[in-house]
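Just so you know, we're using this note's numbering here: the sequence shown kicks off at 90 and counts up by one. Just so it is clear, CB atoms sit at the ideal spot from N, CA and C, and this is done for glycine as well. Nothing here was measured: the structure is a model prediction, and the numbers come from that model. Just below is one structure, and these are the notes that go with it.
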Amino acid sequence: MSPADRSRRRFLLQAGGTLTAVAAGCATSSAPASASGILDTHTHFYDPHRPQGVPWPSPSDRLLYRPVLPAEYKSLARPLGITGTIVVEASPWPGDNQWILDLAAHEPFITGFIGNLKPGTPDFPKLLDRFARNPLFRGIRIGGDTLNAALSGGDVRAHLEQLAERRLVLDVLIGPDQLPDVATVADRIRGLPFIVDHLSNVPISKPPHPNRWVSGMAACHYVDNVFMKFSGYVEGTGARGGTAPKDPAPYRPVIDTAWRIFGEDRLIFGSNWPVSAEFASLSTVVQLARDFLEPHGPEALKKVLHDNATRIYRPVARRST
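Below you can see the structure in the form of structure tokens.
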């Protein structure tokens, strides 16, 4: 076994364990993380009442199938110290990218936008050129099918390289099994930041095959342009109806492992609101993040809740109203 292999083996063994117990009874607060506040890198806005409707969410979803717009979010977010958000587009309709950009034009609370375009399709270069002219357009999000196609190169990888050339970013929505694929593709496109959404959607209550998840996370650790979005943890409990635990203890095996592997410089906070509201209030999502981060000190708190997002997404500074 080579020295590099031995180092990787030691890292995996360490990452799979729990961190040293943190100080109990740390103070909780809804005050801003810093003078810069919190930048929430994952929200969704849409309006099913539009004439064309929306492709997501489904009309059968009683919680989400309604107009979800910035005014509601701001009323919840501002008291928690959130000073802006980056919107992530869930709709695959190309025109809905423009709908969000038009919404953002009149809403300074939106400081960036991650669009939804399909790399590998003939229209991708033209659409990217169109939307990237707007400085609020900061990149796109892809799913596991596109990531898998990028492993083979071709137009998909070439289109992802166009993102890197424009200094944009790539959000990736996958499950734990595809973490090694993220590491492989990111290693081939080093100029492009890859942000894995929602801790790769690993279940919190009963993590399946935790060794596979840890090894996939560790593979991403060794590719320094891969970042982990510190989001999706209340959803990972599967506890709908707003019943996700407020106690941080049930989350710690997953969160502590993510912290051990990615640390304070490669974790980025996002709420996933309004999806997260089916499991817990926005205040609970933020408070849990504080509970996890405050034991690591004020600098770590500031980085994960604000500075890392600013450094990686490069959002637009706007005067919020």
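If T130 sits next to I171, beta carbons under 8 Å apart, how far is it from one beta carbon to the other, in whole angstroms?
That belief does not hold up - the Cβ atoms of T130 and I171 are roughly 11 Å apart, past 8 Å.
Give me the residue from G321, I231, G243, G264 with the minimum Cα distance to F283.
I231
With DSSP as the reference, identify every bridge partner of V285, one or two as the case may be.
V261, M317
Residue ranges of each alpha helix (DSSP H) within the stretch 163–232, 4 or longer:
184–194, 213–221
So, under 8 Å CB-CB, S294 and T346 are touching, yes? Tell me the CB distance rounded to an integer number of Å.
At roughly 15 Å, the Cβ-Cβ gap does not stay under 8 Å, so S294 and T346 are not in contact.
Leaving aside the five residues before and after A272 along the sequence, list all residues of the same chain whose C-beta is less than 8 Å from its C-beta, in chain order.
G305, A308, C309, Y311, V312, V315
Would W188 and R139 be called neighbours here (beta carbons separated by less than 9 Å)?
yes
With burial defined as no fewer than 16 other Cβ atoms inside 10 Å of the residue's Cβ, what is the status of G330: buried or exposed?
exposed
Option in M317, L192, R400, N361 with minimal Cα separation from P265
M317
H195, buried or exposed, once every other Cβ within 10 Å from all chains shown has been counted against 16:
exposed
DSSP state of H133, grouped into three classes?
coil
So what does W362 bridge to, in DSSP terms?
T132
L356 and S365: beta carbons closer than 9 Å?
no
Would you report the Cα separation of S149 and P387, rounded to the nearest angstrom?
43 Å
Who does I357 pair with in a DSSP beta bridge?
K318
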